[in-house]
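Residue numbers (my numbering): 16 to 263. Cβ coordinates follow ideal geometry from the N, Cα and C atoms, glycine included. Fair warning: this is a prediction, and the values are worked out from it, not measured in the lab. Worksheet for the structure shown next.
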Amino acid sequence: MASVLDYSEGTTLLHRANPVTKVVLAVCVCVATFLAQGYGMLLGVLLFLVALGAYAGILRRTLALLAGFLSLGALMLLVQTVVVRSGTPLFLWVTDQGLDRGAHVALRLVAFALPLVMMLSLTRLTDLANATVEVLHVPYRYAFTITTALRFVPIFSQQMAKIVEAQTARGVDFDTPNPLRRLRLMLPLAAPLLISSVARADDTALAAEERGFYLRGRESSYKRYPFSAVDVACLLPGVALVVLGALF
């Protein structure tokens, strides 16, 4: 089963750019989202990300992520309309200020999360770890810890799906439409997932030590990560977004 964090092969500028450049580009999008005040700019950021996904060949994955984050954004919109009571009442408990703030929070949430996940889809985690060590001088143990945690996310998801399938085969009704009942059925599965996760983490730590984990440094990687004109071309849209975000 494919994961949103799985690397997507390609030969575009984004694929060939330095991993650090991709991180900086994602951060630029997040900064532009934070600075933007108008709906037009926030929607423009989302359209830019969709266009970026289409160019990189991950349009379907980008749209799936966008739909998922929009669902979470809709929840945040609802929460904000309940929390913010100031302004002119529109209908039921919703006020104009609550609706405005909720819409801003929802759009910012989507525009913050989407570029970071897209960056991971266009970057091999091994390259990301090695590039942060070589370019940013991050200690290898920290870079390894972060990338390993990201690598374990789809593994844990697949492991949980297998546990659910096994319990379903034993007659457990996970297809119930009641979300509270489904949550109650899922909670006992945390124990086998935790046990298998600890065992997998222990095996990973042992394998890393046998490969000289504590001896790794900036020069240990066989692959170098220099900056080039490709990185400049990838960063220019990010800088432009920050400027537009500050203006609009």
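query: Cβ of Leu129 within 7 angstroms of Cβ of Leu80?
result: yes
- request: Please say whether Cys45 and Leu256 have beta carbons closer to each other than 7 angstroms?
  value: No, they are not a contact pair.
Contact set for Ala89: own chain, Cβ-Cβ below 8 angstroms, skip 5 residues either direction: Ala121
- prompt: Should Ser136 go down as buried or exposed, given a rule of 16 or more other Cβ atoms within 10 Å for buried?
  reply: buried
- prompt: Going by alpha carbons, who is nearest to Met134 out of Ala244, Phe242, Leu67, Gly55?
  reply: Leu67
- prompt: When you compare only the Cα positions, how much space is there between Pro241 and Leu204?
  reply: 46 angstroms
- request: List in chain order: all unbroken alpha helix (DSSP H) runs of 4+ residues lying wholly within the stretch 152 to 215.
  value: 155 to 184, 194 to 201
- prompt: In three-state DSSP terms, what is Thr110?
  reply: strand
field: Straight-line Cα distance separating Arg100 from Pro207
entry: 44 angstroms
Cβ-Cβ distance between Gly113 and Gln95 below 7 angstroms: Yes. Within cutoff.
Euclidean distance between Cα positions of Ala184 and Leu61: 41 angstroms
is_contact[Gln173, chain D] using C-beta, thresh 7 angstroms: Among the protein chains of the structure shown there is no chain D, as only one such chain exists.
message: I need the straight-line Cα distance from Val148 to Tyr155, nearest angstrom please.
response: 6 angstroms
task: Keeping to the same chain, check which residues put their C-beta closer than 8 angstroms to that of Leu50; ignore five residues upstream and five downstream.
output: Result list for Leu50: Val257, Gly260, Ala261, in chain order.
query: Mind checking whether the beta-carbon of Phe167 lies closer than 6 angstroms to any heavy atom of the ligand FAD?
result: As presented, the structure is devoid of all ligands, the ligand FAD included, so that no description of it is given.
- request: Kindly list the residues whose CB is nearer than 6 angstroms to the CB of Gly117, restricted to its own chain and excluding five residues on each side of it in sequence; keep chain order.
  value: Leu92, Gln95, Thr96
message: Taking 7 angstroms as the threshold (C-beta atoms), are Gly72 and Gly25 in contact?
response: Yes.
task: Below 8 angstroms CB to CB, which residues in the same chain sit around Val98 once its five sequence neighbours on both sides are set aside?
output: Gly113
- prompt: Apart from the five residues just before and just after Leu267, which ones in its own chain have a Cβ nearer than 8 angstroms to its Cβ?
  reply: The chain is shown from 16 up to 263; residue 267 falls before or after that span and cannot be answered.
- prompt: Are the CB atoms of Phe48 and Ala146 nearer to each other than 7 angstroms?
  reply: The sequence given here places Thr at residue 48; Phe does not occur at that position. It is not a contact, given that the beta carbons lie outside the stated cut-off.
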